[in-house]
Amino acid sequence: MPTVFLFAYLLMAFPMARGPEDPRPEDVCKFTESLGHQSLALQMACLARGAGLHHDAGHALGWEVQTVISAGGDVAVISAKEETRECAIAFKGSREFDDWRNNVRVFPLEEVHGPAHSNKTYHVHRGFVNEYRALKETEGWEEWEKLRADRAQCLGGIYLTGHSMGGAIASIHKLEQWGEDSDQATVFTFGAPRAVETVYQDCRGFRYILKGLAGSDAVPGLPRRLVHGHTAVVLRRTLKGFRQSVLDCGSQVGGGFGVMQHRMRAYIWFLYKIENPGLIHRPGEHLIRLTDDQGHGEVVEDDEELLMLEAEEEAATAGALEEALGRIIEEEVSEVTARLVRERVLEFGGSASSEGPSPGDVLMGGVGGDEGEGEIGAWGGAEQQDGRFADGGGMEEDLYMDSGEVPMFVEETDEEDLRLEMLDIDPPFEVLEGGEGGGMTPDEVFR
1 MPTVFLFAYL LMAFPMARGP EDPRPEDVCK FTESLGHQSL ALQMACLARG
51 AGLHHDAGHA LGWEVQTVIS AGGDVAVISA KEETRECAIA FKGSREFDDW
101 RNNVRVFPLE EVHGPAHSNK TYHVHRGFVN EYRALKETEG WEEWEKLRAD
151 RAQCLGGIYL TGHSMGGAIA SIHKLEQWGE DSDQATVFTF GAPRAVETVY
201 QDCRGFRYIL KGLAGSDAVP GLPRRLVHGH TAVVLRRTLK GFRQSVLDCG
251 SQVGGGFGVM QHRMRAYIWF LYKIENPGLI HRPGEHLIRL TDDQGHGEVV
301 EDDEELLMLE AEEEAATAGA LEEALGRIIE EEVSEVTARL VRERVLEFGG
351 SASSEGPSPG DVLMGGVGGD EGEGEIGAWG GAEQQDGRFA DGGGMEEDLY
401 MDSGEVPMFV EETDEEDLRL EMLDIDPPFE VLEGGEGGGM TPDEVFR
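Next comes the structure, spelled out in structure tokens:
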């Protein structure tokens with residue numbers, strides 16, 4: 001029996017484990033014939049990864065970089081696939097601490113107007129809108145406008161993609177330029193945060209969420225006040241292997257407390273394993289370049305140098321995300337504590353005067369009952385409420401007793417809602433394989 005538990009632990013600890021001859025995730029984007037079918041979703045994932053590294057990771061899949069747009073730290077890579085007459089723009093995701101602080105906080109909202117014929121206005125996360133508009137103000141953006149206006153070149157389809165914040169920017173671009181109902185452009189996002197307050201349904205767009213054995217990508221559940229509007233596609237790893245579940249359009253599923261599960265390489269690997277179950281390949285050596293035809297980007301001589309660059313990007317991203325989440329958690333816990341004290345004081349004493357209960361009495365349930373028996377439970381005390389607070393456990397440990405939990409950003413609400421928000425877990429979603437009873441996969445839409 002201990003051996004079984006050890007095996008299960010190893011599976012959870014190494015969600016990216018590969019077979020002895022499986023290609024590395026970074027190799028998946030560089031080969032086609034030796035790896036068999038490469039879906040449109042996997043191609044878009046490779047382009048999103050390329051934008052994060054300023055290079056044409058999707059080159060071997062038939063995509064050629066046309067232009068690299070840069071505005072400070074914001075990057076967009078424009079690519080075209082001559083064989084199928086397709087065009088794509090990939091937006092770079094978050095890396096710096098300030099990016100992540102913007103991602104997880106509820107920023108002031110900005111109005112974004114859809115195309116004139118739609119007569120719609122969307123209230124959008126201002127931080128994401130600012131990043132998007134910074135790119136639009138560059139000279140390189142004109143190249144994207146010219147390319148997508150070329151019906152002969154983009155006859156096969158126009159795609160907008162991005163990882164993390166890049167996915168949010170792709171969604172905003174679709175709403176402003178084409179509108180949510182348009183089929184003229186298709187969005188593919190990977191681990192993207194919520195960007196829009198206004199409810200919308202871009203059902204031909206797809207947002208991918210990763211749920212591994214060791215945790216779930218935290219970013220798709222943030223910020224809580226905002227919403228997603230695309231068809232949700234959940235990439236899951238179970239004890240039986242890699243699975244894909246397609247949920248209804250507009251599903252808000254997503255969130256957790258996984259940091260490593262947010263890596264773009266993880267999304268690429270899950271997609272590859274889902275599309276190629278049980279297959280093992282050994283691709284040959286293939287050098288790649290980090291510059292486009294105009295010389296934009298960074299010259300890299302071999303794969304190992306690229307891997308070092310990507311490792312630095314991933315380390316910076318993970319560190320910034322952890323720091324941002326940690327600070328936001330501290331702020332939200334302080335706000336929740338103050339609000340609970342205020343509400344309990346008003347409930348039992350009518351005011352926060354010296355004659356009323358102390359904050360300690362309020363939080364420990366000492367008013368109107370024995371210590372530790374309050375409605376909210378003992379935070380870090382010996383008593384437990386609904387099994388949520390461990391004996392002597394710290395606040396952070398209590399909030400994250402499993403990887404499915406993530407703190408909510410609390411607004412004005414009653415005490416019960418407050419308590420549920422603090423301990424929120426995304427409701428179990430129904431597994432809808434192949435789109436039965438749910439949304440349609442990209443392959444089903446475009447075949």
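Each step along the sequence shown adds one to the number in the UniProt record's numbering, with nothing skipped, and position 161 is 161.
Where is the CB? At the ideal position from N, CA and C, for every residue including glycine.
Model, not experiment: these values are computed from the prediction.
query	result
Quick one: using the 10 Å Cβ neighbour count with 16 as the cut-off for buried, is L88 buried or exposed?	A small correction: the amino acid at residue 88 is Ala; Leu does not occupy that position in the sequence shown. So A88 ends up on the buried side.
To the nearest angstrom, how far is the alpha carbon of L247 from that of G215?	19 angstroms
Look at the alpha carbon of F270 and the alpha carbon of Y159, and state the distance between them as a whole number of angstroms.	21 angstroms
Can you give me the C-alpha to C-alpha distance between G73 and G140, rounded to a whole angstrom?	15 angstroms
Within 10 angstroms of the Cβ of L226, are there 16 or more other Cβ atoms? Answer buried if so, exposed if not.	buried
Taking all protein chains shown into account, do 16 or more other C-beta atoms lie within 10 angstroms of the C-beta of A192, making it buried, or fewer, making it exposed?	buried
Ignore the nearest five residues each way along the sequence and tell me which others in G156's own chain have a CB closer than 6 angstroms to its CB.	T84, R85, E86
Measuring CA to CA, which of L47, S70, D150, I172 is closest to S79?	L47
Between Q66 and the rest of its own chain, which residues show a CB-CB distance below 7 angstroms, the 5 nearest in sequence each way excluded?	I78, S79, A80, E143, L147
To the nearest angstrom, how far is it from the Cα of V233 to the Cα of F206?	7 angstroms
Run through DSSP, which three-state label would E86 get?	strand
So if DSSP puts T238 in a beta bridge, which residue, or which two residues, is it bridged to?	G241
Contact defined as beta carbons within less than 8 angstroms: I believe G62 pairs with H163. What is the distance between those atoms, to the nearest angstrom?	Not a contact, Cβ separation roughly 20 angstroms.
Who are the near neighbours of H262 in its chain, counting only those whose CB is closer than 6 angstroms to its CB and skipping five residues on each side?	G191, D217, V219
Between the alpha carbons of Y267 and G166, how many angstroms are there, rounded?	14 angstroms
On the three-state DSSP scale, how would you describe K120?	coil
Tell me which residues share the same chain as P115 and place their Cβ nearer than 6 angstroms to its Cβ, disregarding the 5 neighbours each side in the sequence.	G179
Please report the Cβ distance between Y122 and L40, rounded to the nearest whole angstrom; I am assuming they are in contact, meaning their Cβ atoms lie under 8 angstroms.	Wrong, their Cβ atoms sit about 26 angstroms apart, outside the cutoff.
Let me check one thing: in DSSP terms, what residues is H173 bridge-paired to?	For H173, which the question treats as bridged, DSSP gives no partner whatsoever.
Sort out for me which residues DSSP pairs S39 with in a bridge.	Its beta-bridge partners do not exist; DSSP assigns none.
Considering only residues of the same chain and omitting the five flanking positions on each side of R236, which have a CB-CB separation below 6 angstroms?	K211, R243
Applying the criterion that 16 or more other CB atoms from any shown protein chain within 10 Å of the CB defines a buried residue, is N276 buried or exposed?	buried
Report the rounded CA-to-CA distance for E197 versus F91, giving the unit in angstroms.	21 angstroms
Considering only the alpha carbon of each residue, which of L213, S70, E64, V112 lies closest to H173?	V112
Is E110 helix, strand or coil by DSSP?	strand
When DSSP builds the beta bridges, which residues end up paired with H228?	DSSP output for H228 lists no bridge partner at all.
So the beta strand (DSSP E) R151 belongs to, where does it begin and stop?	Per DSSP, R151 belongs to no beta strand (DSSP E) and is neither H nor E.
For Y132, which residues of its own chain have a beta-carbon under 7 angstroms away from its beta-carbon, when the five flanking residues on both sides are left out?	I169, I172, H173
Please look up how many angstroms separate the CB atoms of D183 and R204, rounded, as I've assumed it's under 8 angstroms.	6 angstroms
Am I right that H125 and A195 are in contact with their C-beta atoms under 8 angstroms? What's the rounded C-beta distance?	5 angstroms
With H, G and I counted as helix, E and B as strand and the rest as coil, what does DSSP make of L47?	helix
With a threshold of 6 angstroms on Cβ separation, who are the neighbours of G254 within its own chain once the five nearest residues in sequence on each side are excluded?	I209, P220, G221
Reducing DSSP to helix, strand and coil, say where K92 ends up.	coil
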